[in-house]
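Report on the structure given below.
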Amino acid sequence: MQQLGVNPIAVTRLGKRYGPVGAVDGISFSVPAASVTGLLGGNGAGKTTTIAMLMGLITPSSGEARILGADMAHQRHQVLHRINFESPYVEMPMRLTVRQNLKVFGRLYGVADLKDRIDELAVELALQDFLDRPSGKLSAGQKTRVALAKSLINRPEVLLLDEPTASLDPDTADWVRTHLERYRRERGATILLASHNMPEVERLCDDVVMMKGGVIVDQGAPSELISRYGRETMEDVFLDVARGRRQGEAA
Ligand SMILES: Nc1ncnc2c1ncn2[C@@H]1O[C@H](COP(=O)(O)OP(=O)(O)OP(=O)(O)O)[C@@H](O)[C@H]1O
1 MQQLGVNPIA
11 VTRLGKRYGP
21 VGAVDGISFS
31 VPAASVTGLL
41 GGNGAGKTTT
51 IAMLMGLITP
61 SSGEARILGA
71 DMAHQRHQVL
81 HRINFESPYV
91 EMPMRLTVRQ
101 NLKVFGRLYG
111 VADLKDRIDE
121 LAVELALQDF
131 LDRPSGKLSA
141 GQKTRVALAK
151 SLINRPEVLL
161 LDEPTASLDP
171 DTADWVRTHL
181 ERYRRERGAT
191 ILLASHNMPE
201 VERLCDDVVM
211 MKGGVIVDQG
221 APSELISRYG
231 RETMEDVFLD
241 VARGRRQGEA
251 A
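Residue numbers (UniProt numbering): 1 to 251.
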């Protein structure tokens with residue numbers, strides 16, 4: 001186990017309050033280099049708020065969220081070019097073509113060989129047929145591939161994913177997972193993945209952090225948690241945690 005602070009993603013006593021609502025309440029966890037950690041929890045558990053603080057989009061009320069050593073509330077400009085983010089809930093400008101959108105993001109991230117990088121991603125993610133089509137005219141599956149291309153444009157060392165396969169058909173979702181696995185392996189990327197899809201979590205994640213009501217209620221490798229709760233799948237473990245059942249207690 002590596003120490004907090006030296007891992008690419010390190011969250012220490014992180015909290016966010018909205019008036020009386022404690023969205024995140026003093027959580028600590030870290031993600032070791034080149035590994036994937038799943039951030040799990042029911043609706044309103046605090047996952048998106050945690051990811052938004054890791055991206056430096058929301059200022060914490062307490063504690064800190066560090067990526068690659070930078071405190072994301074104050075020093076994010078030091079590392080933004082080394083990280084990236086994907087969420088199906090973020091829309092790209094719809095009138096720009098896919099190629100134009102990727103150019104805009106590539107420039108924002110300071111990608112030096114941008115034309116080559118876009119061509120490379122177009123082949124890897126099978127975007128060639130619609131590279132010059134307006135982004136607003138794509139199917140959901142095509143949009144997801146473009147969102148994935150955007151998130152990989154700068155070859156990020158750290159990737160934050162907020163439900164990357166939400167509302168995709170099983171075939172497209174599987175394709176996205178396969179691609180993420182490959183990217184992680186080839187790039188040695190460190191990934192934090194918020195997901196409601198438990199088979200996805202079992203497949204992709206080395207570790208999981210389970211949140212409820214803004215706090216961490218359990219963490220460990222999926223196989224460890226499954227055996228600790230005396231269950232068959234992460235789906236069963238998730239239901240135990242969500243419904244407040246103790247480890248090993250019968251349903
Ligand atoms: N801007 C805000 N103002 C007030 N409350 C907020 C705000 N953003 C989030 N919250 C509250 O904080 C809590 C955590 O929300 P968050 O979106 O982080 O949960 P989540 O785990 O991502 O949920 P989901 O799985 O539904 O996306 C919820 O109770 C939510 O209503």
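Think of the CB as a built atom: it goes at the ideal place given N, C-alpha and C, for glycine as much as any other residue.
- Put simply, the region 147-158 touches the region 81-99. At least three CB pairs are less than 8 Å apart.
- Boundaries of the alpha helix (DSSP H) around PHE105: 98-108.
- Remark: the shortest separation between the CB of VAL21 and any heavy atom of ligand 1 falls under 7 Å.
- Between the C-alpha atoms of ASP116 and VAL217 there is a straight-line separation of about 45 Å.
- Between PRO88 and LYS16, the C-beta gap is not smaller than 8 Å, which leaves the two residues out of contact.
- At least one heavy atom of ligand 1 is found less than 7 Å from the C-beta of THR49.
- For ligand 1, a non-hydrogen atom lies closer than 7 Å to the CB of ALA45.
- When the beta-carbon positions are compared, LEU204 and VAL36 come within less than 8 Å of each other.
- Counting other Cβ atoms within 10 Å of its Cβ, MET94 stays below 16 and is therefore classed as exposed.
- Not one heavy atom of ligand 1 lies closer than 7 Å to the C-beta of GLY56.
- A distance criterion of 7 Å places the beta-carbon of TYR109 beyond contact range of ligand 1, judged by its closest non-hydrogen atom.
- Three or more Cβ pairs drawn from the region 180-195 and the region 23-34 lie within less than 8 Å of each other, which places the two stretches in contact.
- Taking 4 residues as the shortest admissible run, the region 118-153 contains the following complete alpha helix (DSSP H) segments, listed from N- to C-terminal end: 140-152.
- As the crow flies, the alpha-carbon of LEU127 is around 8 Å from that of GLN142.
- With fewer than 16 neighbouring CB atoms inside 10 Å of its own CB, SER223 falls in the exposed class.
- Classified as exposed, LEU108 has fewer than 16 neighbouring CB atoms from the shown chains inside 10 Å of its CB.
- Here the alpha carbons of VAL209 and ASP71 stand approximately 21 Å from one another.
- Across the structure, SER139 and VAL90 are spaced so that their CA atoms are roughly 15 Å apart.
- Between the alpha carbons of SER195 and ASP236 lies a gap of roughly 15 Å.
- Considered as a whole, the region 12-57 harbours 21-31 and 36-40 as its complete beta strand (DSSP E) runs of no fewer than 3 residues, in chain order.
- Between MET211 and MET234 the beta-carbon gap is near 14 Å, outside 8 Å, which marks them as no contact.
- Within the same chain, and ignoring the five residues on either side of LYS150 in sequence, the residues whose Cβ sits closer than 6 Å to its Cβ are PHE105.
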